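Protein sequence lines, in the order shown, are assigned to chains A and B.
Per the working numbering, the first sequence starts with residue -13, numbered consecutively.
Per the working numbering, the second sequence starts with residue -13, numbered consecutively.
There are 2 protein chains.
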Amino acid sequence: MGVRISACQLAVPPGTEDNSQLAARIGKTADWILLSTGVEHRRIADHDDDPIELAAKVAQQVIEEVGPPDLLIYAGAIPRQTLPDSSAHVLGRLGLSGVPGFSVNAACLSFAVAVRSACAVLESDPAVNRVLICCAEFASRGRNFTQPESAALLGDGAAAAILESCDGECGLKHWSMQTFPEGADLTEVRGGGLRHPFTEPSGTEHLFEMDGPALLRFTVPRMRRFLNSFLKDAGLSPQDIDLIVPHQPSGRALEVLELFGFPNSRVVNIIRDYGNCVAASLPMALATAMQEGRINRGDLILLTGTAAGVSLAAGVFQW
Amino acid sequence: MGVRISACQLAVPPGTEDNSQLAARIGKTADWILLSTGVEHRRIADHDDDPIELAAKVAQQVIEEVGPPDLLIYAGAIPRQTLPDSSAHVLGRLGLSGVPGFSVNAACLSFAVAVRSACAVLESDPAVNRVLICCAEFASRGRNFTQPESAALLGDGAAAAILESCDGECGLKHWSMQTFPEGADLTEVRGGGLRHPFTEPSGTEHLFEMDGPALLRFTVPRMRRFLNSFLKDAGLSPQDIDLIVPHQPSGRALEVLELFGFPNSRVVNIIRDYGNCVAASLPMALATAMQEGRINRGDLILLTGTAAGVSLAAGVFQW
């Protein structure tokens, strides 16, 4: 019994913000933004847009391509509201009643973790044959304009994928994840939970806080060791990987993958057009690669990335 | 290959609030509270208490009983903060670096869903032998004192469990879940996410909203059909279940289980002492049952309940 990713699509809000529009708000030039972040423009949702609508829209697209799911996993970092979890709202918008839903949150690695959970469920429960994973992130609502780097990096987007049981060799062949909580304060949204009680007035604690240079220093050596050991355990070398589909933290973080032995030509890079869309970035990159015909049957696809936590994850999916 | 629940413990804040202390704040009598909700007293965390500390404390207890985990799943409805997810903070507090962590959220059914995910991972990944599931809920911080019923029901608590691979027949034998999003607005915390942007002043949208009578009317007939069909598919009758470990939504919701064929004597009921502790209630009930020696090897244990969403779930765990 194998598992295949039958469909993956992305959806973004129509509004585009280019660097010249953003530059003055963060006290930088458009050139500085492109050079520092790798982002040329990003999509920004309107104030009244509901992330659930965008998530349901892209979910509907993959359902039309493949068929209705037996289970929905919402794999996002920032929910629409605290309770209930976003899976119920997406199911409601899709008009699906009775299909189970829950949420998985591993910050920017939520999609990768959901793929792993979905594969485990598809392999172990014969009653589940089709799992829908989706999310929409409107990270622009948490931009802190006094922090130029993170404010310039973040963008809005959504993606959905359907995983199905199938015959054959396809599926998640190797998986590994590590969390290094000593880096937990390098990327935060400190509000929105119990730490700052709901009834206290909101301030900057509800905005993204990121120490980009410290995060890169923290992450790069750990990611190098992690990926080396992951590939060794899997009996693979970087050359065996046909395509790397990473989270899109920043232009610089994507360039670093070359140092680990993955040539740029095999790394899906959508940072220039969309920025860092938090948990939506990885499936948006996968959707882009599929749309561009960059994935063929039998290919070994590396889903990988880093996330607030700090977590590192890698999964080799045989297509 | 089986899976066993090697340990499950609970922890609660020391502060107890009895009905006479609460009565005036919600404009009711202590008797009304007990009669309407089944709660006699509940634990209330201090304003400065950190839910992560309580979650880590009880997690440490089960680790000392069994050993360190290969994976931590934080299974709560309300996080300490928006980003990163709470698993990283618990890992940090436990001093565990390199152990992977992520969060699962299915509102009050988060623990049940995490058990199901953990079992699937333990069965499918030989590199994972021990999964720690934990959460702490400080629901008292979201009490809306203009809504007497929900304000009287909610309490604070935490629980942790460790699941391990093992030889033998034990494990999750049957599992089912359904979500009915047409009831999603019957229990809500509308703030704390993208719906009410972080930078807008907080109001009552950050408090629990629950329409108790409507929720009971919505849930009871669906739960009856769901449990009937679940047991039928599993080839079981209510008499085959040795112990029912349910979420603790309210005294009345627990009494309803008798109408479904489960005698009160076999239903773990801790609502009187702790109230509804959201996602912590189900594992707190399991911890209580284990502590009281109510579970024996080979027993069939029904983990079940309802959650905001509205979701229903049931899992038969052979001990």
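Every residue, glycine too, gets a C-beta built ideally from N, C-alpha and C.
If you're wondering where the values come from, they're calculated on a predicted model, not measured in any experiment.
Check, Outcome
"Please classify A/Trp305: does DSSP put it in a helix, a strand, or coil?", "coil"
"Buried or exposed for A/Glu135, going by 16 or more other Cβ atoms inside 10 Å?", "buried"
"Where A/Leu57 and A/Met270 are concerned, what is the direct C-alpha to C-alpha distance, given to the nearest angstrom?", "21 Å"
"Going straight from the alpha carbon of A/Ala275 to that of A/His75, what length do you get?", "28 Å"
"Quick check: the Cα distance between A/Leu70 and B/Gln164, rounded to an integer number of angstroms?", "The amino acid at residue 70 of chain A is misidentified as Leu; the sequence shows Pro. So the two alpha carbons sit approximately 14 Å from each other."
"Assuming A/Tyr260 and A/Gly143 make a contact with CB atoms under 8 Å, what is their CB distance in whole Å?", "6 Å"
"Could you list the residues in the region 12 to 42 of chain A with a C-beta less than 8 Å from some C-beta on chain B, going in chain order?", "His33, Asp36, Pro37"
"Could you say which of B/Ala93, B/Asn282, B/Asn130 lies nearest to B/Leu268 if we only look at CA atoms?", "B/Ala93"
"Could you have a look at B/His75 and say whether DSSP puts it in helix, strand or coil?", "helix"
"So, is the C-beta of A/Ala(-1) closer than 7 Å to a C-beta in chain B?", "A quick correction: the sequence has Pro, not Ala, at residue -1 of chain A. Not an interface residue."
"Go to A/Val231, then tell me how far its beta strand (DSSP E) extends in each direction, as first and last residue.", "229 to 232"
"For A/Arg258, which residues in chain B fall below 7 Å Cβ to Cβ?", "The premise fails here: A/Arg258 is roughly 24 Å from chain B at the closest Cβ pair, so nothing lies under 7 Å."
"Does any C-beta atom of chain A lie closer than 7 Å to the C-beta of B/Arg307?", "This structure gives no information on residue 307 of chain B, because the portion of chain B shown stretches from -13 to 305."
"What does the alpha-carbon distance come out to for the pair A/Ala147 and A/Asn115?", "14 Å"
"Tell me, please, whether the CB atom of B/Met(-13) is closer than 7 Å to any CB atom in chain A?", "no"
"Candidates A/Val264, A/Ala265, A/Ala239, A/Ala266: which alpha carbon is nearest A/Val253's?", "A/Ala239"
"Please go through the same chain and pick out, in chain order, the residues whose beta-carbon is closer than 6 Å to the beta-carbon of B/Ser162, but skip the five residues on each side of it.", "Phe216, Ala300"
"Considering only DSSP beta bridges, list what B/Glu150 is partnered with.", "B/Arg(-10), B/Arg116"
"Smallest Cα separation from B/Ala291: which of B/Asp153, B/Pro112, B/Arg208?", "The identity of residue 291 of chain B in the sequence shown is Gly, whereas the question assumes Ala. Checked all of B/Asp153, B/Pro112, B/Arg208; the closest Cα to B/Gly291 is B/Arg208."
"Report the option in A/Gly81, A/Asp4, A/Pro167 whose CA atom is closest to the CA atom of B/Ser83.", "A/Pro167"
"Whole beta strand (DSSP E) runs in the region 3 to 50 of chain A with 3 or more residues, listed along the chain?", "27 to 29"
"If we cut at 7 Å on Cβ distances, does B/Pro55 have a partner in chain A?", "no"
"Start and end of the beta strand (DSSP E) containing B/Ala293?", "286 to 293"
"So, is the C-beta of A/Ala106 closer than 7 Å to a C-beta in chain B?", "yes"
"Quick one: is B/Thr132 buried, meaning 16 or more other Cβ sit within 10 Å of its Cβ, or exposed?", "exposed"
"Distance, Cα to Cα, A/Asp4 vs A/Glu123?", "19 Å"
"Given a cut-off of 7 Å, decide if A/Ala200 and A/Ser96 are closer than it, judged by their beta-carbon atoms.", "no"
"Measuring CA to CA, which of B/Cys(-6), B/Gly179, B/Gly247 is closest to B/Val52?", "B/Cys(-6)"
"Do you know whose CA, among A/Leu108, A/Pro65, A/Glu150, lies nearest A/Pro54's CA?", "A/Glu150"
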